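My numbering applies: residue 72 is where the sequence shown begins, and numbers increase by one.
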Amino acid sequence: MLGVPAHELRDLRVPLAALWPGAEVRRLAERIAAGPTAAGRLLEEAAFSRLRTAKPPDPVLAAIVAGVSHGTGVAGIAAAVGLGERQLHRRSLAAFGYGPKTLGRVLRLNRALDLARTGLPSRRSRPRRATPTRPISPAMSGR
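Here's what the structure looks like:
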């Protein structure tokens, strides 16, 4: 949608005119300045308009997010999507701005923030790693 890999924009404030065609940005800025409309709504409309003409997202990206969200390791995600670990890392950087491990941390933090906003006590909303539902080996189960 933006026309550049996400990692090139990470930690930067980039003018929209550097990413989108100048005429489109000028029209959007004029609409925002013209009246008491919700600027956020106008930006959202502009983004959705660009999404309609953009290429569909890479289906591997959803699998990366799902794997990371479930606590699957990089090697496991790479095997599941049919990529090598380095290629997975490059695709993750281009799409999200982060490698898969950092993406996992960001997603956990976002989940914790969402829970905290609902009023959940902080000790229950802090980021947690995904953990297996059963012990990995009998030795770890205490049996």
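In this text, a Cβ means the ideal position worked out from N, Cα and C, and glycines have one as well.
Remember, it's a predicted structure, so these values are computed and weren't measured experimentally.
| Check | Outcome |
| --- | --- |
| Can you tell me whether ARG123 is buried or exposed, with buried defined as 16 or more other CB within 10 angstroms of its CB? | exposed |
| Less than 8 Å between the C-beta atoms of VAL131 and PRO171, yes or no? | no |
| LEU178 and VAL152: beta carbons closer than 8 Å? | no |
| Helix, strand or coil: how does DSSP classify LYS126 here? | coil |
| So, with DSSP's three-state summary, where would you put HIS141? | coil |
| Is PRO192 helix, strand or coil when you go by DSSP? | coil |
| Would VAL75 pass as a contact of LEU87 if the rule is Cβ separation under 8 Å? | no |
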